[in-house]
Amino acid sequence: MVDLLRARPWTTSAWISLTIPGEPADGLPALTALSFRIRGYRLIMTAMFRSQNVHRAYLAYIPLREVQVRVADELGLPPGPLRVFVDVPHVHVGDAERVASVLASVPEPNAA
């Protein structure tokens with residue numbers, strides 16, 4: 024992928040599928056793909072999740088950022104934004120009270 028980005032910096036084809044064709048549905052990973060783009064002389068990475076527990080999954084973004092930084096270093100570029108798309112975000116019932124507590128502590132947006 025680094026070679027592809029070096030050869031064609033504006034490509035939209037630099038992505039990695041983390042699924043295996045024909046894999047049983049119960050074996051599909053939550054993280055299904057990574058996409059890399061060079062825009063504004065920075066490496067933007069997008070992670071696509073099939074499903075994710077929105078209360079507990081944010082720590083997974085740290086190693087994803089490490090992947091982005093490593094690829095950016097190989098290209099001699101600074102890392103740009105790390106974008107994350109989740110098709111089915113969810114909260115486990117056992118986490119509902121903690122999530123409600125977090126949401127209650129968020130200040131109201133300014134109406135201005």
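So the sequence shown is numbered by my numbering: it starts at 24 and just counts up by one.
The beta carbon of each residue, even a glycine, is placed where N, CA and C say it ideally should be.
Computed from a prediction, not measured in an experiment: that's the story for all the values here.
- DSSP, reduced to helix, strand and coil, places serine 124 within a helical segment of the structure shown.
- According to DSSP, residue pairing for methionine 68 in a beta bridge involves Phe59, Leu105.
- Judged by DSSP in its simplified three-state form, isoleucine 43 adopts coil rather than helix or strand.
- For leucine 28, the enclosing alpha helix (DSSP H) covers residues 25-30.
- The three-state secondary structure of valine 114, taken from DSSP, is coil.
- Assigned with DSSP and collapsed to three states, arginine 79 falls in coil, not helix or strand.
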